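Written below as structure tokens is the structure these notes are about.
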Amino acid sequence: MISFAAAALVSVLLLGARPAAPENVADDLRYWYYDIHDPFFRREKSPAGETLWVNARPQSRPLRFAEPKALETFRVFILGGSVAHLFEISGGTRGPTLAQALERRLPGRRVEALYCGMPGYDSWREGLIFDEVLAHEPDLLILMSGNNDFMPNAGPPSQWLTLAYKTRRALGLPPPRLTKSPGAGTPPAPEAQRETFAGNLRRMARAARERGIPLVLCSLPRRLGHPPNAPLPLWEKPVFEGWSAWQAGDLAQARQRLGSFLAENPDSPTIRHALGRVLEAAGDATGARAEYRAALYPEPNPILRRVAAEEKVLWADLEAAFEAAADGASLESFLPDPVHWYRSGDTLVAAVIAAAFQGAPLETAPPLRPDPAELRDTFWKRLATAFLQSAASQTSGEGKGRLSEEPIAQFDGLWREDPGLMAALEMKRAQVAAAYRESRFHMGVSQDFESMWPAGLAHAAETCARRGEYSLAIRLFDRALEARPGFTGAALLRSVALARAGRRTEAAAGFRALAPLEKDFPEITLYRQALGL
449 MISFAAAALV SVLLLGARPA APENVADDLR YWYYDIHDPF FRREKSPAGE TLWVNARPQS
509 RPLRFAEPKA LETFRVFILG GSVAHLFEIS GGTRGPTLAQ ALERRLPGRR VEALYCGMPG
569 YDSWREGLIF DEVLAHEPDL LILMSGNNDF MPNAGPPSQW LTLAYKTRRA LGLPPPRLTK
629 SPGAGTPPAP EAQRETFAGN LRRMARAARE RGIPLVLCSL PRRLGHPPNA PLPLWEKPVF
689 EGWSAWQAGD LAQARQRLGS FLAENPDSPT IRHALGRVLE AAGDATGARA EYRAALYPEP
749 NPILRRVAAE EKVLWADLEA AFEAAADGAS LESFLPDPVH WYRSGDTLVA AVIAAAFQGA
809 PLETAPPLRP DPAELRDTFW KRLATAFLQS AASQTSGEGK GRLSEEPIAQ FDGLWREDPG
869 LMAALEMKRA QVAAAYRESR FHMGVSQDFE SMWPAGLAHA AETCARRGEY SLAIRLFDRA
929 LEARPGFTGA ALLRSVALAR AGRRTEAAAG FRALAPLEKD FPEITLYRQA LGL
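Residue numbers (the working numbering): 449 to 981.
See below:
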């Protein structure tokens, strides 16, 4: 299953400002393993001889501050991963900014907000920046951490990477291109990852306390109801029966069959999410939210909450604020992916942090509403991300050859926004490719968009099929299979769509062609039997 960290990198594609000169760097060893050893800030002199510090880290946000700082300046550093990187970027905030919200509580002071978030960074990498920041007269530190701490490459680079870095740098050679994640392999046990994350947080909290600098830890909002980037295990008969009941509108049967599978497999995120959908459709928003939360893995917020209490640092509960603003079990309107909020949510984030600094509850939450202009401006970027996630789901394990729930949900949301454009999706290849190539960041090895196209078309086709638009679904499946023959998941669901469209002879032929694969894909047999073919 693809972790939250995949979304942490595509977030710049989704919500970030367009770079002046697009360059894909997220698959370069330099970004992940080399640059972290270099200073984050660089000293400069202003024309007047004033000492200035500016951002030196590639892909960091522009910033500039003077030392010594002016007496009236209240200096705030915002650190973390992509959520911190994107917070209040490009002037997208519609209401009071963090600086303005803090200035209301600090009469006579000028708040200087310095954004040091880096997409994809885990708490260990964030801690390296944190240590530098302590030397630059901070009055307040804000940490938005945890979305990337459960990746295989979280934590310090291996000794061989460090040695390679030093050797190549000494020889004047650039880092090699990344062909395989150095962190790939068997990840640490979840409990070990949790303890490492908590330890990194405690170290930063204690370093701030020793220097008398207030630190705000932030919980991170979650798009509850957003499915994992993994296939439903429809090869398991109880899951197949539960999913079939859900599609037929039999909520009681769906709940019973999915529940029976969960009794034996309580840690299945995809089934937790599916059961949440059933409960939400039945009107049980509380139960749905509990299942949606159980589907989240990894979940950093309990760790953040515990460390904040134990270390007695300030606590900004962004998660609770977003959920209080939601009108249902899901936060779909406020977050385009599992962890990143639209820029229209920045005002709420600023207000919650400012209230936490004051040590008081948020009296009146700013309204949290989707910004139609932001939705329009980010549509093509979000569409390109759906293609990216479609391809990412095909990389390994049970997802290989099957369709994943996350991109299907992404395509469905885009369809609701602009059904006309999505109905012509197969004609929009050039526009989607351009949106993808304009991005600076994507997850893992560079992927040629041409290889992503069939994966995205297949997921879009299944979105159509679930909406009952079988003719369009079949056409998109055909285009996907033309580009990628042998795509088993697409061929199977094409045959299912044919059967449901009443084209049973063609469907039967499709199932006959798939018969040799039934051992590796047991859901072929289950679908064939359920359809009476």
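Ideal Cβ placement from N, Cα and C applies to all residues, glycine included. Remember, predicted model here, so these are calculated numbers, not experimental data.
Please classify residue i: does DSSP put it in a helix, a strand, or coil?
i	result
leucine 979	coil
glutamate 471	At glutamate 471 the pLDDT is 40, less than 50, meaning the model places this residue with poor confidence; the figure from the coordinates comes in the next sentence. Glutamate 471: coil per DSSP, three-state reduction.
serine 894	Unreliable placement is indicated for serine 894, whose pLDDT of 47 sits below 50; no coordinate value is reported for it.
tyrosine 745	coil
arginine 490	strand
alanine 632	Confidence is the limiting factor: at alanine 632 the pLDDT is only 47, short of 50, which leaves the residue's position unreliable, though a coordinate-based value still follows. Looking at alanine 632 - three-state DSSP - the assignment turns out to be coil, as it is neither helix nor strand.
phenylalanine 835	helix
arginine 864	helix
leucine 869	helix
alanine 501	First, the amino acid is wrong: residue 501 is tryptophan here, not alanine. Strand at tryptophan 501.
tyrosine 569	coil
arginine 791	helix
phenylalanine 513	strand
leucine 463	Only weak support exists for where leucine 463 lies, its pLDDT of 45 falling under 50; the value from the coordinates is given anyway. Three-state DSSP puts leucine 463 in a helix.
serine 708	helix
serine 415	No statement about residue 415 is possible, as the shown extent of the chain runs from 449 to 981 and does not include it.
arginine 824	helix
leucine 619	coil
alanine 561	strand
alanine 602	coil
aspartate 483	helix
phenylalanine 959	helix
asparagine 713	coil
leucine 611	helix
glutamine 507	coil
threonine 973	helix
serine 899	helix
Between residue i and residue j, how many whole angstroms is the CB-CB distance? I'm expecting something under 8 Å.
i	j	result
alanine 401	alanine 949	Summary: the structure shown does not reach residue 401, with the chain confined to residues 449 through 981, and so no result is reported for it.
alanine 514	tyrosine 563	Not quite, the Cβ-Cβ distance comes to about 17 Å (not below 8 Å), so this is no contact.
arginine 670	valine 787	7 Å
arginine 650	valine 755	6 Å
glycine 568	asparagine 596	6 Å
arginine 553	phenylalanine 805	7 Å
phenylalanine 535	aspartate 819	So it is not a contact: roughly 16 Å between Cβ atoms.
If you count every other CB in all the chains shown that lies within 10 Å of the CB of residue i, and 16 or more means buried, which is it?
i	result
serine 508	buried
threonine 734	exposed
leucine 831	buried
valine 664	buried
serine 899	exposed
threonine 499	exposed
histidine 485	exposed
serine 919	exposed
glutamine 837	buried
glycine 647	exposed
lysine 829	buried
valine 502	exposed
tryptophan 572	buried
serine 538	exposed
glutamate 917	buried
proline 748	buried
threonine 812	exposed
glycine 697	exposed
glycine 556	exposed
arginine 824	exposed
CB of residue i to nearest heavy atom of the ligand GTP: below 7 Å?
i	result
proline 902	In the structure shown, the ligand GTP is absent, as is every other ligand, since no ligand is present at all.
Do the segment 675-686 and the segment 847-867 make contact, defined as three or more Cβ pairs closer than 8 Å? yes
Is it the case that the segment 514-529 contacts the segment 585-592, given that we only count it when at least three CB pairs across the two stretches are under 8 Å? yes
Along the chain, which unbroken stretches of the alpha helix (DSSP H) at least 4 residues long are found entirely within the segment 903-956? 918-931, 936-948
Whole alpha helix (DSSP H) runs in the segment 518-549 with 4 or more residues, listed along the chain? 530-534
In chain order, which continuous runs of the alpha helix (DSSP H) of length 4 or greater are located wholly inside the segment 724-769? 733-742, 749-759
Mind the definition here: the segment 710-727 touches the segment 610-625 only if three or more C-beta pairs lie below 8 Å; say whether that holds. no
Completely contained alpha helix (DSSP H) runs for the segment 571-600, where each covers 4 or more residues: 571-581
Evaluate contact between the segment 932-947 and the segment 972-981, counting only Cβ atoms and requiring at least three cross-stretch pairs below 8 Å. yes
May I have a chain-ordered list of the beta strand (DSSP E) segments no shorter than 3 residues that lie completely inside the segment 670-697? none
Just checking, does the segment 795-802 make contact with the segment 765-774 on the three C-beta pairs under 8 Å criterion? yes
If contact is defined by three or more beta carbon pairs under 8 Å, each pair taking one atom from either stretch, is the segment 678-687 in contact with the segment 711-722? yes
Kindly confirm or deny that the segment 869-876 and the segment 900-912 touch, where touching means at least three C-beta pairs closer than 8 Å. yes
For the segment 603-620 and the segment 488-498, state whether three or more C-beta atom pairs, one from each stretch, are separated by less than 8 Å. no
Count the C-beta pairs between the segment 542-561 and the segment 790-799 that are closer than 8 Å, then say yes if the count reaches three, no if not. yes
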